[in-house]
Amino acid sequence: MGAFGFFVPLSLCLFVPSFLAPLLAHSLYLINSGWKLKLENLLPMKQTALLLLLAASVTAASAQAPGKSATQAANPATATHSTASAKPAKIPVVHGIIKTAFTLRYEDYKIGTGPLAEPNKLYHVLYTGYLASTGQVFDSSEEHRIPVMKNGKPVMDAEGNPELGPPQPLVFPQGFGRMFPGFDQGFEGMHVGGKRRIFVPWQLALGTRNIPAHGDRPGIPPRSNLIFDVELVDVTDMPAMPARPMPPHPGATPGHPMPGQPAKPATPGAPATPQAAPAPAKPAAPTATTAPSSSTTPPQSH
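Per this note's numbering, residue 330 is the first one in the sequence shown, and the count goes up by one each step.
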């Protein structure tokens with residue numbers, strides 16, 4: 330009897346509100362006390378307690394259900410409009426597999442300690458370009474040397490050839506489209522003194538153009554992936570653009586100020602130069618009413 334008395338209250342203990350806890354405790358005390366009551370007399374009490382617990386659980390659940398605020402209930406159109414206007418516009422959802430067509434990759438094998446390669450600056454770069462398919466060098470800074478000059482004359486080596494100086498860096502303005510995209514954008518995050526290998530896909534290189542071979546240099550076939558070993562030698566500011574003179578305003582007279590501009594002050598001590606009076610306009614000739622002008626006379630027929 331004691332075990333049966335604990336079964337129902339313990340199975341419903343999670344659904345009992347706090348204000349019914351004393352009642353439940355009291356019921357347990359009566360059920361499990363030493364009173365000599367028969368089971369058939371306790372069954373109606375257990376059923377009544379069970380019904381009370383179920384009713385209290387339903388009441389608590391309905392009280393916890395979220396409801397509309399008074400403002401939303403009073404003006405549902407305004408509440409809906411304010412909520413909708415607060416949400417940003419969403420991109421339509423599509424389903425598919427995201428793929429990458431091509432990408433620019435690089436590998437830093439020496440980290441520079443100089444200034445950062447900022448955008449829209451002049452980059453001074455030593456480079457060597459390879460064909461990714463064959464590994465052949467198609468261009469290099471080593472091939473761009475200038476003869477060493479002394480007293481205005483080139484210095485000759487032991488074989489009678491002009492002695493060449495160090496490789497000359499390539500200087501180009503970054504971000505202005507002077508180089509193909511893979512080379513132009515391949516210096517992101519580099520510092521002066523750093524060395525990097527850039528893997529350029531053909532879409533960011535020369536595309537479908539065919540560069541023919543020239544001398545000992547191999548050609549670059551269409552759709553060729555390229556590899557560059559680069560060294561960032563220096564980063565300098567762009568040169569200042571020369572100021573272009575403003576063109577004269579249509580109808581402006583030399584020496585005459587433009588509308589809205591003050592007149593040029595006279596030089597101190599110099600006599601003021603009087604401006605010539607404008608010539609009076611010639612009066613218009615009176616229009617003859619008796620005979621039309623010769624320019625408007627229709628041709629005579631003979």
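All C-beta atoms, glycine included, are put in the ideal place defined by N, C-alpha and C.
- Here glycine 464 is exposed: its Cβ has fewer than 16 other Cβ atoms, across all protein chains shown, within 10 Å.
- For the pair leucine 445 and glycine 518, the CB atoms are nearer than the 9 angstroms cut-off.
- Assigned with DSSP and collapsed to three states, proline 491 falls in strand.
- Asparagine 554 and alanine 430 have their alpha carbons spaced roughly 14 angstroms apart.
- Around the beta carbon of phenylalanine 516, 16 or more other beta carbons lie within 10 angstroms, which makes this residue buried.
- The three-state reading of DSSP puts phenylalanine 467 in strand, counting E and B together.
- Within the same chain, Trp531, Thr537 come within 7 angstroms of arginine 552 by CB-CB distance, once the 5 residues on both sides are set aside.
- Segment contact: the stretch 447-455 against the stretch 540-551, fewer than three CB-CB distances shorter than 8 angstroms; contact not assigned.
- Note on geometry: alpha-carbon atoms of arginine 525 and leucine 493 lie some 26 angstroms from one another.
- Residue range 510-513 is occupied by the alpha helix (DSSP H) that includes proline 510.
- Comparing alpha carbon positions, the residue from Ala461, Pro496, Tyr456 closest to histidine 473 is Pro496.
- Here glycine 425 is exposed: its Cβ has fewer than 16 other Cβ atoms, across all protein chains shown, within 10 Å.
- In this model, tyrosine 459 and lysine 482 are separated by some 35 angstroms (Cα to Cα).
- Residue state for glutamate 472 is assigned as helix, using DSSP reduced to three classes.
- Residues Phe501 of the same chain have their beta carbon placed closer than 7 angstroms to that of arginine 507, with the five preceding and five following residues left out of the count.
- Out of Glu471, Asn539, Asp558, Val454, the CA that lies nearest to the CA of proline 550 is found in Asn539.
- Assignment of leucine 535 by DSSP, reduced to helix, strand and coil, places it in the coil class.
- The Cβ atoms of phenylalanine 512 and valine 529 lie closer than 9 angstroms to each other.
- Approximately 7 angstroms separates the beta-carbon atoms of glutamate 560 and valine 454; this is inside 8 angstroms, confirming the contact.
- Rounded to the nearest angstrom, the gap between the Cα atoms of aspartate 486 and alanine 572 is 46 angstroms.
- Here proline 491 has Pro476, Val477, Pro483, Val484, Met485 as same chain residues with Cβ atoms under 8 angstroms from its own Cβ, once five neighbours each way along the sequence are excluded.
- For aspartate 563, the uninterrupted beta strand (DSSP E) run begins and ends at 555-565, by DSSP.
- Note on aspartate 468: 16 or more other CB atoms within 10 angstroms of its CB, so buried under the neighbour-count rule.
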